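The next block holds one structure in the form of structure tokens; read it before the comments.
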Amino acid sequence: MTAGPGDGMLTRMKQPVRFAATPAGGVAYSMTGSGPPLIYALGWVSHLGAMGEDPEHRRFVEALAREHTVIRYDKIGCGLSDRSRTEFTMESELATLEALVEHLGLKRFALFGSCEGGQVAAAYAVRHPELLSALIMYGSCARGADLAQDEVRRSVLSLVRAHWGLGSRVLADIWLPGAPAEQTATFAEVQRAAATADMAAELLDMFYRFDVADLLPKVRVPTLVAHRRGSRAVRFELGRELAALIPGAQLVALEGRMQPIYAEGADAAASTLLSFLRDQGGTRGPRVGGAPLTARELQVTDLIADGFTNAEIARALFVSVRTVDTHVDHVRTKLGVRARTQIAVWARLTPSR
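Residue numbers (this note's numbering): 25 to 377.
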């Protein structure tokens with residue numbers, strides 16, 4: 025896996041970062057909380073380590089995690105995922121998400137996409153409606169080309185490629201209008217940690233080229249469209265148009281001007297999303313198909329969910345590695361799963377057992 029700038033931030037993260045294989049390389053993901061699964065498709069660029077240091081982002085995720093297992097991931101090309109990337113299409117984004125879902129063994133989950141992630145989430149909902157209990161799109165639009173006029177988009181892309189330091193600050197000013205200087209500087213720093221100049225420009229250009237207008241009327245999943253009234257980055261009318269194209273979609277206007285959902289009113293935003301998810305009934309984690317797990321086996325599943333290796337589990341429980349191997353084999357048999365990640369997902373989704 026190709027390491028990128030800012031990877032040192034990983035050591036300060038609260039949640040362990042795991043990796044899933046995809047056709048394009050390794051994708052980094054994290055799981056926070058417990059309960060029904062909620063995949064959170066982040067926007068244009070992201071860095072799980074750096075964003076984990078942002079108190080507002082952490083506050084927002086932790087609010088969601090009180091009722092759900094929140095699964096976030098860095099798309100290929102940025103963050104802690106493989107930094108090598110040559111394909112910049114909707115199909116490549118869907119392939120990453122599909123590979124992650126398969127890796128986790130999810131059969132039913134809610135999908136939340138922010139900004140460009142909202143477009144990917146909508147396309148996934150059309151392709152896999154049977155897997156989704158709910159769809160949430162925040163701060164998104166039907167056509168990326170509607171974000172700005174052609175010459176403005178070209179100028180932004182040129183600035184990002186040639187002067188990423190200045191470009192990241194300009195974009196931060198657009199995404200966080202009126203924010204304190206420290207907050208804007210931190211946001212720009214996260215963008216630079218998330219991707220190189222060329223990769224950031226390629227991913228932004230991909231967002232500009234995305235067009236899901238023809239797909240939106242085909243969405244057959246309960247959908248919430250949330251949007252900031254005063255967003256400069258993605259104007260409110262684009263969110264309103266988006267909601268109008270999706271049959272039965274609910275549109276919720278969030279107060280404020282900052283584009284990142286967590287940047288202002290994080291608690292209120294999380295409450296809005298959770299209320300919608302509760303209305304959809306959520307989903308329950310997979311049940312044990314065979315005999316119930318013993319108390320020791322439950323301890324082992326919890327440690328697996330926390331990212332422990334068998335050797336680390338043995339040290340934590342003061343038993344031999346061979347004993348842990350036996351416990352893990354028993355857990356696999358009782359749960360009817362094969363992959364270690366599936367055990368971790370089961371532990372996250374079934375907190376009361």
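We treat Cβ as the ideally placed atom computed from N, Cα and C, and that holds for glycine.
Only a predicted model underlies this, so the values are computations on that prediction, with no experimental measurement involved.
State yes or no: is the C-beta of residue i within less than 8 Å of the C-beta of residue j?
i: L66; j: S138; result: yes
i: R170; j: L262; result: The identity of residue 170 in the sequence shown is Asp, whereas the question assumes Arg. In this structure, L262 lies closer than 8 Å to D170 by Cβ.
i: L156; j: F136; result: no
i: A146; j: V243; result: yes
i: S70; j: A218; result: yes
i: M114; j: V249; result: no
i: V284; j: W199; result: Inspection of the sequence shows that residue 284 is occupied by Pro rather than by Val. Taking 8 Å as the Cβ cut-off, P284 and W199 qualify as a contacting pair.
i: A335; j: E265; result: no
i: A378; j: H127; result: Residue coverage of the chain in this structure runs from 25 to 377, which leaves residue 378 outside it and unanswerable.
i: E140; j: F231; result: yes
i: Y53; j: R96; result: yes
i: V245; j: A158; result: yes
i: R259; j: S58; result: no
On a Cα-Cα basis, can you pick out the residue from the options that is closest to residue i?
i: M55; options: L195, E91 and F260; result: E91
i: T350; options: V324, T374 and F332; result: V324
i: L121; options: T93, R233, R151 and T110; result: R151
i: V355; options: V245, R167 and L322; result: L322
i: G163; options: L278, A340 and D353; result: L278
i: P61; options: G305, M75 and S192; result: G305
i: A233; options: A292, L327, D326 and V144; result: This sequence places Arg at residue 233; Ala is not what is there. Ranking A292, L327, D326 and V144 by Cα distance to R233 puts V144 first.
i: G142; options: I270, A290 and R362; result: I270
i: R83; options: P316, R339, R372 and E288; result: E288
i: R358; options: S344, P316 and V348; result: In the sequence as displayed, the identity of residue 358 is Lys instead of Arg. Ranking the options by Cα distance to K358, first place goes to P316.
i: E111; options: E226, T210 and A209; result: E226
i: A294; options: W68, L72 and H81; result: H81
i: P204; options: M282, A186, E77 and R107; result: M282
i: E77; options: A186, A273 and F211; result: F211
i: A292; options: R302, G280 and D303; result: G280
Given that a residue counts as buried once 16 or more other Cβ atoms are within 10 Å of its Cβ, and exposed if not, what is residue i?
i: V176; result: exposed
i: F300; result: buried
i: R346; result: exposed
i: T247; result: buried
i: S182; result: exposed
i: F342; result: exposed
i: R109; result: buried
i: R339; result: exposed
i: G202; result: exposed
i: R216; result: buried
i: L124; result: buried
i: L72; result: buried
i: R107; result: buried
Quick check: what's the CA-CA separation for residue i versus residue j?
i: T365; j: R178; result: 42 Å
i: A368; j: Q173; result: 46 Å
i: T374; j: A329; result: 11 Å
i: A267; j: D238; result: 13 Å
i: L275; j: R252; result: 11 Å
i: L298; j: T93; result: 12 Å
i: Y64; j: I337; result: 29 Å
i: G318; j: E206; result: Sequence inspection shows Thr at residue 318; the Gly mentioned does not correspond to that position. T318 and E206: Cα-Cα distance of roughly 50 Å.
i: S105; j: K99; result: 7 Å
i: E213; j: V184; result: 14 Å
i: A221; j: V41; result: 24 Å
i: C102; j: V361; result: 31 Å
i: A119; j: S344; result: 40 Å
i: A257; j: G168; result: 11 Å
i: E154; j: G254; result: 35 Å
i: T296; j: A290; result: 10 Å
i: V85; j: Y286; result: 8 Å
i: D403; j: M75; result: Coverage of the chain is limited to positions 25 through 377, which leaves residue 403 absent and any answer about it impossible.
i: W370; j: V194; result: 43 Å
i: A363; j: G129; result: 9 Å
i: W68; j: R320; result: 43 Å
i: T46; j: D353; result: 26 Å
i: P241; j: L327; result: 43 Å
i: G191; j: V180; result: 7 Å
i: A209; j: A186; result: 19 Å
i: V378; j: K131; result: Residue numbering for the chain in the displayed model covers 25 to 377; residue 378 lies beyond these limits and cannot be assessed.
i: R302; j: G272; result: 17 Å
i: G189; j: G331; result: 35 Å
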